[in-house]
Amino acid sequence: MANDHFDVDEVGLDSTAGEHRGWSPSSTTRRQAKIVKSILAGHLRMELMTAGGREAFLAEHEACFAGGDYGSILHAVIREYYDTYGRNEDKLKRLKPLLRLVLGKYPSLLDSQNPMGETTLQFAIRKRLSQMTRLLCSCAPARAVAALEACGVGGRTCLHAAIHHELDLDAIHHVLSICRPALLVCADDAGDTPLHLAVRYPDMRPRARARPVDESPGAIKDERTPAASQHALRGTPRAWPGATRPSARDCQDETGSGDVLLGFMQRILPAIISDQPYSSTHVLDLVKDLVQRNDAALGVKNHHGRTPYLERVHQTNRFGVRKTPEAAHDRPKEIWSAADSRPPSEPVDSTARYMLEYCVREFSPEKASACLYEPGQERHVTFDLSTLSQRSITTDYLRRLSMHVRLESVLKYVALPRLRVDTALDPGDSRTSSCFGDEGAGSRGRSDLLLVFEWLRRQGVGRIFKVSVEDDQDPPHSDAAIEAALRGFDVEIWDWKRPDLSADVICNSTAKASEIFLYSSGNNAVLAGWASPHTLSDRCKFPELRRIHLFVQKARRQGWEDAGRLAAYTEHFKASVARQTNNRVQISQYAWDARVSSAGAAGSTSDVAPPSISWHDCVSSLAKLLRTVARSRRKGAVKIAILDDGVDLLCEGLNVSIGDGASFDGPEATSSPWFISSSPGSRGTCMAAVVGNLCPESQLYIAKITAAGDGNGDKVASAASAARAIEWAMSRRVDDGGVIMFTAAPDADDPRAELACPIRSQRCITIGACDDAGAPLWPQARGSAMANFFVPGKDVAVPGAGAGRRATVSGSAFAAAAACALAGVLILCLRCINWPVDARLVRRAFKALAGDGKFVRVHDFLHRRLGMHLERARRGAVAAPGPDPPRQAGRLDLSASAWDRGCVEAALRAMFEHLLVSRPDAEPTPSRLDGHAG
């Protein structure tokens, strides 16, 4: 990084070189040099030690403090010291009286510039005089704060330059301690913050480090050993380290050629013979200081679009010295994988690991994702099943999560409700027993959640900061199961809600617990055990413990003891822990009511599938017809974003392809995951099912948004949450070819409907629900008048609660989902015939299908006319005729796979030419609207 180039100004302004050009330094410059050389020689030391001497010195010399050819006297101090001693700063103490006197009287000299435009600090930093930089800052601390913010070459502040030129870490830490926090987020001309430069610090290659040497000529001659001479003459890169590359000034001296060589070797030999690797621990310490000073720098992107974490990963991959966490994110196809023996996480660079853990621990999930991932590469940093509507899951559910949920190797928290895990394998299968091992064999306690944590390990999770588990049912999990579940995750915040849990279980599970939640039934024996000096108060067992949250069951309701005795027990516990830990551990007490799990399912289900809906059958049959053509042409799936209340992956009949998901539901800290819907049979789950049934070649992007109260008891979508979700969907390239946004019209009569967001947007297509004949379901509602189109949304078939069961739903939301699926099918048609995919063409197709009304009629065009074009294409084919066209109930079966690809393409082209009047003369420009298909 650091590379001292030949100083252009010094070549042109050097005194000895200038004599041959008819130029000589000014009297001010000569006086400055004389003062500095005298002080370095020790001649003015006594004069500067007394008050009278300092006054006399100022009276005689302050006229030359500024106005020199090379800048102020401070520039002269740096210049002469560097020319005399190089980067050996052992003699710097001789200059302290002068610098304190000058800067104490004239602190503004820190801002003075030399002919190159460098301030005093910038000049000292470029010369890599670390202790000189510290001394200048300490002599005028108030002025130094502003001087550090001055921008130099490349728009770099002094903090940028200190890291760029690789000053000693002590000097960088000193600069960091006095600068304003805002300086850490300032970017240079390349968009790099000081943290970007720090993560590129050369800890992956050797660095030349100067060591003190004796300045006497005899010592220099004795120090140059034959080995050192051979190393210097080999011409290797280390013989000319970037830290000691000579400048033009280094090659000339007023005292003669012999002294020139002597002075040159005095400056360059120490770095040559002390060339040693630079420890990455120092870089980690520097990064820690920068982050803790202002962690906002972690989210700043440079001109390459990389945050400091991404920059560090890029550098480590570039130099190939360390592995990144990518290998830890491989997703096994099955939960019972042959790779069960692999370590939970791969070795990673310690600096990148620190930034990863800091972002996950300290930031909200959304902010952490912005700091850690490129768009489209996000991973989940939390795993929250606490809002599951069902209290029983299977390993098949975990397998489905493996396909749709990508977890980071470090999780902010894991939250699990009262949960039963039913293995899909035979109970006697050896693979089932191998998961649990011998833990809890013959025990009455449960071990269900052990399977969940084993699954997390297989997803590459190696660290969990907080664990929150509800385990207060009877029977709870056994001690052995809890230890086996959490061992190795280094949990910091322990919240396993099992009454009267032994402290030894916590100790055996994690050594990094800093915050513990304890749940007491009021049993004094357990409280006394917790208060023992050999449990929670033992610093060897709990070295990081700082806080205990004690939850005690309410007396006379759930506990056995009366209020007075229970209070005495708890006070004794708190006093004992406080005394034994010298108040190191803070204790908070709360009353505890046993939580009641909520259960129940909404909606009616039946074992009999409802009759098919012709409108939906038309769309789905066309989609099936396109599958062969689309796959043969290797066309990608249509991306569709659904912005609603999430998708319930527990729904066994849900057969959709999910590309990614994110939650924008409520405050970021308490946001519920996108793969857990807000209620059983949720609207978002049903909408996803509708889209998946009608457009199988779609890839869904699920955004869970907030449903906030509007003050009248109704739930409406939060505009802020929806806006964030739309931005997220755009980052997933859902807007390829332009954006088509569908929104549902209000079902009931609502006088405030026209104010709803996003209905009032002119760029949204509002869909109302109707029956199969096109009659609106709520003709008197204002939403019907506001609808741009009507799509059947009555008795739509969706998966029900239970394997193989079906349910029916009605409403404009499901009509909007069907319209969205139709748009996806039309896009597939355009791709198959190589027409440009444009949102305007899809809008024109909707208008053409609706004709003069609002009902989108698909039967005439997408079934009857398409069948007619298919038959014409087949009859006109040059190849030998094949079997008769497949028919079903007297009509053409569009979903059959017997159709020739060429016939299908010809029929689609004819249908669209008829539907849209004619093919556009030129490829339309995709229009970017502020919404998403969803």
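Per the numbering used here, the sequence shown starts with residue 669, numbered consecutively.
Backbone N, C-alpha and C fix where the C-beta goes; we use that ideal spot for every residue, glycine too.
Status (buried if at least 16 other CB within 10 Å, exposed otherwise) for residue i
i     : result
G1130 : buried
P1414 : buried
M1409 : buried
N782  : buried
S845  : exposed
P1364 : buried
T949  : exposed
G710  : exposed
D1052 : buried
H972  : exposed
Y1258 : exposed
S776  : exposed
S1256 : exposed
C826  : buried
P862  : buried
N1456 : buried
Q1045 : exposed
E1042 : exposed
A731  : exposed
A1465 : buried
Q700  : buried
Whole-Å CB distance - residue i paired with residue j, under 8 angstroms assumed
i     : j     : result
G1442 : F1458 : 6 angstroms
R824  : E979  : Not quite, the Cβ-Cβ distance comes to about 16 angstroms (not below 8 angstroms), so this is no contact.
K1080 : V1120 : Not a contact, Cβ separation roughly 17 angstroms.
L708  : R762  : 6 angstroms
G1329 : H1072 : 7 angstroms
C1286 : H1537 : Not confirmed; about 15 angstroms, so no contact.
K1372 : S1399 : 16 angstroms between Cβ atoms; not a contact.
C1039 : T984  : Between T984 and C1039 the Cβ distance is about 17 angstroms, and since that is not below 8 angstroms, they are no contact.
C1500 : L1294 : 6 angstroms
S798  : L835  : 5 angstroms
L966  : M1023 : 6 angstroms
P1467 : C1571 : 34 angstroms between Cβ atoms; not a contact.
L1610 : A1356 : Given that the chain is displayed from residue 669 to residue 1602, the structure contains no residue 1610 and the question cannot be resolved.
E757  : M800  : 7 angstroms
V959  : Y1026 : 6 angstroms
T787  : A810  : About 16 angstroms; that fails the 8 angstroms criterion.
Check whether residue i and residue j have beta carbons under 8 angstroms apart
i     : j     : result
K1647 : C1175 : Nothing can be reported for residue 1647, as the shown portion of the chain is limited to 669 through 1602.
L1218 : L1186 : yes
V1306 : W1342 : no
I1640 : V770  : Here the chain comprises residues numbered 669 to 1602, so residue 1640 is not present and cannot be evaluated.
E1138 : K1165 : yes
L1530 : L1290 : yes
D1147 : S1170 : yes
G1360 : V1407 : no
S1366 : I1433 : no
G1113 : A1149 : yes
A1484 : T1411 : yes
L1494 : V1510 : yes
D1168 : V1194 : yes
I703  : H729  : yes
L1317 : R1068 : yes
L1576 : A1513 : no
K764  : L804  : no
Any chain C beta carbon closer than 8 angstroms to residue i
i     : result
R1074 : No chain C is present in this structure, which holds just one protein chain.
Across the stretch 714–721 and the stretch 777–794, are there enough close Cβ pairs to call them in contact, namely three or more that are closer than 8 angstroms? Using a C-beta cut-off of 8 angstroms, the stretch 714–721 makes no contact with the stretch 777–794, since fewer than three inter-stretch Cβ pairs fall below that distance.
May I ask you to verify whether the stretch 1031–1048 touches the stretch 1057–1072, counting CB pairs closer than 8 angstroms and requiring at least 3? Verdict: no, contact absent.
Taking 8 angstroms as the threshold, find out whether the stretch 1184–1203 comes into contact with the stretch 1233–1242 through three or more Cβ pairs. The stretch 1184–1203 vs the stretch 1233–1242: in contact.
4-residue-minimum alpha helix (DSSP H) runs that sit fully inside the stretch 1024–1101, ordered along the chain: List check, alpha helix (DSSP H) in window: 1033–1040 and 1063–1072.
Whole alpha helix (DSSP H) runs in the stretch 705–754 with 4 or more residues, listed along the chain? Counting only runs of 4 or more, we get 719–729 and 741–753.
Pairing CB atoms from the stretch 1481–1498 with CB atoms from the stretch 1386–1393, are three or more of them under 8 angstroms? Taking 8 angstroms as the limit for Cβ pairs, the verdict is that the stretch 1386–1393 does not touch the stretch 1481–1498.
At what residue ranges does the stretch 1116–1186 contain a whole run of the alpha helix (DSSP H), taking only runs of 4 or more? Entirely contained in the stretch 1116–1186, the alpha helix (DSSP H) runs reaching 4 residues are, in chain order, 1116–1126, 1147–1154 and 1171–1177.
Runs of alpha helix (DSSP H) wholly within the stretch 816–855 (minimum 4 residues, chain order): If we require 4 residues or more, the alpha helix (DSSP H) runs fully inside the stretch 816–855 come out as 826–832 and 837–846.
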